[in-house]
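Worksheet for the structure shown next.
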Amino acid sequence: MSCSQSPFLFPFLLFILLATTIIPLLSSVEAGGGTGEWQLLQKSIGIVAMHMQLLHNDRVVILDRTDFGLSKLPLPNGVCRKDPSELVVKNDCTAHSVEYDVAANKFRPLFVQTNVWCSSGSVAPDGTLVQTGGFNDGDRAARSFKPCATCDWEEDKFGLSARRWYATNHILPDGRQIVIGGRRQFNYEFYPKNDATAKNTYSLPFLVQTNDVGAENNLYPFVFLNVDGNLFIFANNRAILLDYKNNKIVRTYPTIPGGDPRSYPSTGSAVLLPLRNLQAENIEAEVLICGGAPKGSYQKTLTGEFIEALNTCGRIKITDVNPEWVIEKMPGARVMGDMVTLPNGNVLIINGAAAGSAGWESGRNPVLNPFLYKTDNPVGSRFELQKPTGIPRMYHSAAILLRDGRVLVAGSNPHVGYNFNNVLFPTELRLEAFSPSYLDPGLNNARPRILLPASQSKLKYGQKIKVQFQVAATLDKNAVVVTVVTPPFTTHSFSMNQRLLVLEPNVLTVVDKSTYEVEVTTPGSPILAPPGYYLVFVVHQEVPSEGIWVQIM
């Protein structure tokens, strides 16, 4: 399985040879129709996008593992990574991380020294990307990247207390991040290590209970901060609510219907649906989990059998007294899909395959059409097929939301190393963007443009703010909301820290014939919105403005 392949290396080498003679099959969902548009941004960024994070300077940090061998992007000025413990190239003068400038459509190499393979991350309240764990010399590393035009990675090789490989991070209300699980790590810890107790690890038996023999299926668990301050944690096919301060499970949720695993390597995806009515006494929170692979799928790929992925989503209101899963059917099966929360509260399901599982050479039948999930529609009418890409995005691909409302898509490499020729799915270095239908030019008149507050404004919790915007079309006052979105750290089909809050207008006034002002109240506590940088959008008739950056502290 991907980052832990060594016990199965020889079967996978056989698959690599077999793959050279097989023509890739497209999913039956693949079609020429659908809405939205695709744009090729770069023919090559030199590395595979295994991990991506948008920062508040509108630049995207992209990472790939350091032990694939040489990338296609040289490091500048003769800089080299020299590592005698490296398995492939001990003196590597190529980059394995880049910074992509969205506005300029340019990228520059970054120098990451420890191995980030299957690692995790969160953005600290000051906007610094904190990136943890990995493989070999990187499994206990904590790396930081500050958003500036000339900054590069700073690394602490022993920043973590335990070795973390396939772990999940989440930012907490106090600004720390919690690091949960990882291969053979049935515990969690905190970062930064600013007190004695932060050096401890805390046992989490739930990760033992969800550990399938031979496949695990509990790696990269889906983690969300609930509105009560506890953590919702889903692994394999089950979920708990964890009081992480007291290391106590306060609720056990029903097993997802069907009982099939949804986390790595069965690799579905998950989102916390928009949080609304933030001034209410009892705020509701819902989680949506889509796709994955039936139990035993990964083991079957080892013998050359690639069974159909799951075509269902499970939705659960995690704040209910007696929560129950509601199962919905997608337009088609999907494993290794990314779920991107859009500024209007809908969810884009993109990338992945219709058969097999995550892991080297383990996926088949790429799904080229994204699915749009309309969050507020009734059950049975929530899915809409989107226009297909021409680029299969298989294992080790990623997708993230940009400030202008597009979705950046990159990566795909199901091989042990970079392999571009005579393979089923060549290593993919192209960078593209998907524009959802709300960016159609025909909707320009309905699209708001934010005038105030200025981007990079600093806001406080529970603060009343006035958001001034322009709309060319006649404004539908009943169809205006302000949304606040956390840009997540995305890897292996899960976007860590992804969160959207809906700020309902208290007052809407007309400034002139095309300029309006809404008064909204920012989230009331760091439990609802942990401190840090957010994108703010004005949404009119489901058409979002470009976002502005704010820092909530």
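Taking mature numbering (1 follows the signal peptide of the UniProt record, and there is no 0), I'd label the letters of the sequence shown as residues -31 to -1, 1 to 522. Glycine residues also receive a C-beta, built at the ideal position from the N, C-alpha and C atoms.
{"Check": "contact_flag[the stretch 160 to 179, the stretch 66 to 84] where n(CB pairs < 8 Å) is 3 or more", "Outcome": "no"}
{"Check": "Residue 85 - containing alpha helix (DSSP H), residue span", "Outcome": "Element bounds for residue 85: n/a, residue is neither H nor E."}
{"Check": "Those residues which DSSP pairs with residue 72 across a bridge", "Outcome": "According to DSSP, which records beta bridges pairwise, residue 72 is partnered with nothing at all."}
{"Check": "CA nearest to the CA of residue 221, picked from 327, 202, 360", "Outcome": "202"}
{"Check": "Contacts around residue 80, its chain only, beta-carbon distance under 8 Å, and the 5 residues preceding and following it disregarded", "Outcome": "44, 48, 50, 64, 66, 121, 122"}
{"Check": "Secondary structure of residue 411, DSSP reduced to three states", "Outcome": "helix"}
{"Check": "Proximity of residue 507 and residue 454 at Cβ, strictly below 8 Å", "Outcome": "no"}
{"Check": "Nearest neighbour of residue 153, chosen from 232, 481, 187, 330 [CA to CA]", "Outcome": "187"}
{"Check": "Any 3 or more C-beta pairs closer than 8 Å across the stretch 225 to 236 and the stretch 274 to 283", "Outcome": "yes"}
{"Check": "Ranges of the beta strand (DSSP E) found wholly within the stretch 25 to 76, counting only runs of at least 3", "Outcome": "28 to 32, 66 to 70"}
{"Check": "Candidates 36, 299, 46: closest to residue 52 by CA position", "Outcome": "36"}
{"Check": "Cβ neighbours of residue 519 in the same chain (closer than 6 Å, five flanking residues each side left out)", "Outcome": "426, 428, 503, 505"}
{"Check": "Helix, strand or coil at residue 438 [DSSP, three-state]", "Outcome": "strand"}
{"Check": "Three-state class that DSSP yields for residue 107 in the structure shown", "Outcome": "helix"}
{"Check": "For residue 502, the three-state DSSP class (helix, strand or coil)", "Outcome": "strand"}
{"Check": "Integer Cβ distance of residue 521 from residue 491, believed to fall under 8 Å", "Outcome": "6 Å"}
{"Check": "Straight-line Cα distance separating residue 322 from residue 336", "Outcome": "5 Å"}
{"Check": "Buried or exposed (CB count within 10 angstroms, at least 16 for buried), residue 242", "Outcome": "buried"}
{"Check": "Limits of the alpha helix (DSSP H) - the one that residue 176 falls within", "Outcome": "175 to 178"}
{"Check": "Classification of residue 391 by the beta-carbon crowding that lies within 10 angstroms, buried from 16 upward", "Outcome": "exposed"}
{"Check": "Backbone CA spacing between residue 196 and residue 395 [nearest angstrom]", "Outcome": "43 Å"}
{"Check": "Cβ-heavy atom distance, residue 503 to the ligand COA, below 7 Å", "Outcome": "The ligand COA is absent from the structure shown, which contains no ligands of any kind."}
{"Check": "Reduced DSSP category for residue 427 - H, G, I as helix; E, B as strand; rest coil", "Outcome": "strand"}
{"Check": "Beta-carbon spacing of residue 264, residue 230 below 8 Å", "Outcome": "yes"}
{"Check": "Beta-carbon proximity check, residue 101 vs residue 141, cutoff 8 Å", "Outcome": "no"}
{"Check": "Beta carbon of residue 484 nearer than 8 Å to that of residue 432", "Outcome": "no"}
{"Check": "DSSP three-state assignment for residue 342, whether helix, strand or coil", "Outcome": "strand"}
{"Check": "Whole-angstrom distance between residue 144 and residue 183, CA atom to CA atom", "Outcome": "36 Å"}
{"Check": "Sub-8 Å separation of residue 319 and residue 385 beta-carbons", "Outcome": "no"}
{"Check": "Paired residues, beta bridge with residue 7 - DSSP", "Outcome": "403"}
{"Check": "Segments assigned beta strand (DSSP E), at least 3 residues, entirely inside the stretch 222 to 268", "Outcome": "238 to 241, 255 to 259"}
{"Check": "Cut-off 7 Å between Cβ atoms - residues of its own chain near residue 424, not counting five sequence neighbours on either side", "Outcome": "517, 518"}
{"Check": "Residue 313 versus residue 494: straight-line alpha-carbon distance, rounded", "Outcome": "22 Å"}
{"Check": "Nearest residue (CA-CA) to residue 372, options 107, 311, 126, 114", "Outcome": "311"}
{"Check": "Simplified DSSP assignment, three categories, for residue 455", "Outcome": "strand"}
{"Check": "Residue 117 classed as buried or exposed, judged by whether at least 16 other C-beta atoms fall within 10 angstroms", "Outcome": "exposed"}
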